[in-house]
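Start counting the sequence shown at 6; every next residue gets the next number (this note's numbering). This report refers to the structure that appears directly beneath it.
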Amino acid sequence: MMDVIGPAPGTVSETQIQIPIPNTDWTSRAVVCRPASANQGPLIVLYHGGGFAMSHPEGMLPYARGFAQLFNAVVVCPSFHLAPEHSFPIGVNDAYDILKWCAQNAKFLNADVTQGFLVGGNSAGANFAAVLARRSVEDGLEPALTGQWLGFPALGHHDLAKDGVKGLVQAAKKYEDIWGLSWVQNKDAALINDKAVSALYSLYKPDYTSPLYNPLAANPQFDVGRLPKAFVQVAGMDIMRDDGIVYAYALEDAGVSVTLLAYPGTPHTFPDMYPTLEVSRKALVDNAKGIAWLLGVGVEEVRARKAMLRKT
6 MMDVIGPAPG TVSETQIQIP IPNTDWTSRA VVCRPASANQ GPLIVLYHGG GFAMSHPEGM
66 LPYARGFAQL FNAVVVCPSF HLAPEHSFPI GVNDAYDILK WCAQNAKFLN ADVTQGFLVG
126 GNSAGANFAA VLARRSVEDG LEPALTGQWL GFPALGHHDL AKDGVKGLVQ AAKKYEDIWG
186 LSWVQNKDAA LINDKAVSAL YSLYKPDYTS PLYNPLAANP QFDVGRLPKA FVQVAGMDIM
246 RDDGIVYAYA LEDAGVSVTL LAYPGTPHTF PDMYPTLEVS RKALVDNAKG IAWLLGVGVE
306 EVRARKAMLR KT
């Protein structure tokens, strides 16, 4: 994997740490990217994709390195238990324990959460990010998250295609009957189609009615307006497209600040699959701009392109 990603740029320091998971003898291997300078910056925790069953922390390094360079950020990319050996909700519970550890150990990480405390990820990692954003609010996590980045999030399931979804939080109820459109339109999409999702979810075995899988599900009285602001990216030809759209609309309806970006004609997680395409390059620069928006700072286009664009 590192042969593909390559070494970190000279302006970024990269270390590995072990994060203990309570009540187990297992530790999460996490790669931490931070600026080579000793200055403190915001804390960002990124979870990798891979259908809850594949991949590893290094999958998020291109993003982590870019964010460290652009925002002086400390970026933690952790591992978590994967299906099928460890099905739902083991991985997402790992992810929350890791987030709590990061919150409690920000000083050790040389991060300053007063500058921002973000959670994010792609695909299954974006699922974790959205779930943890809600769980952190319900649990009163301190310091509180200040933003969430959801790249092509997986929040839905196959039954949406025929029945819609029921039992959503109040802010999302008006979307119950329309959520499944992309699961019909894009069931034969490139990269991730209906059969691929079926195979992966048969390994993960999520409870679709649980807020540990769908942050808009269960407890209809949960106040979505308490969630941190969200930057959401969706792909037009993605079977999961509407997952991100409904999430963004529900939050916005509840008064949460949301930036939603859609990329027509593109498949699931296309920037990682085809990073040199012009639309992928745009999406990667948009990543930088979206994180800047979450942090309440600016970012120059030239710097964003230099930090985020990939040669291969």
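Note that beta-carbon positions come from the ideal geometry of N, C-alpha and C, so glycine has one too. Everything numeric in this text was worked out from a predicted model, so none of it was measured.
Taking 4 residues as the minimum length, the alpha helix (DSSP H) runs contained wholly in the segment 191-230 are 199-209, in order along the chain. Taken atom to atom, the span from the alpha-carbon of H162 to that of W31 is near 30 Å. Between the segment 57-73 and the segment 22-30, the count of Cβ pairs shorter than 8 Å is below three; the stretches do not touch.
Each residue's CA atom was taken as its position, placing E181 and L173 some 7 Å apart. With 16 or more other Cβ atoms from the protein chains shown falling within 10 Å of its own Cβ, G126 counts as buried. F133 and V302 do not touch by the CB rule: their CB atoms are close to 25 Å apart, not below 8 Å.
Distances from the CA of V79 to each of K112, F93 and K316 were compared; the closest alpha carbon is that of K112.
Within the model, the alpha-carbon separation for M245 versus A13 is close to 32 Å. Annotation: Y101 to P158 spans about 17 Å, alpha carbon to alpha carbon. Separation of the CB atoms of L256 and V229 is rounded to 6 Å, and the pair is thereby assigned contact status at 8 Å. Using a Cβ distance threshold of 7 Å, R139 and P216 count as a contacting pair.
If you draw a straight line from the Cα of C82 to the Cα of R70, it comes to about 11 Å. Residue environment analysis places I103 among the buried positions, since at least 16 neighbouring C-beta atoms fall within 10 angstroms of its C-beta. With a threshold of 16 other beta carbon atoms within 10 Å, R39 meets it and is buried. When DSSP reads this structure, A240 sits in a beta bridge with Y268. Here D193 is exposed, its C-beta having fewer than 16 other C-beta atoms within 10 Å. When the five nearest sequence neighbours on each side are left out, the beta carbons in the same chain lying within less than 6 Å of the beta carbon of A131 are those of L155, G156 and P158, in order along the chain. Taking C-beta atoms as the reference points, A73 and V17 count as a pair closer than 7 Å.
In terms of Cβ geometry, D247 and S187 form a close pair [threshold 7 Å]. Excluding the 5 residues flanking it on each side, E306 has no same chain C-beta neighbour closer than 6 Å.
A buried status is given to T151, since no fewer than 16 other beta-carbon atoms sit within 10 Å of its beta-carbon. When C-alpha distances from G15 are compared across A177, L87 and S42, the shortest belongs to S42. Rounded to the nearest whole angstrom, the C-alpha separation of A195 and M242 is 8 Å.
Straight across, the Cα-Cα distance linking G55 with L300 is about 27 Å. Restricting attention to E63, I183 and N28, the CA atom closest to the CA of T20 is found in E63.
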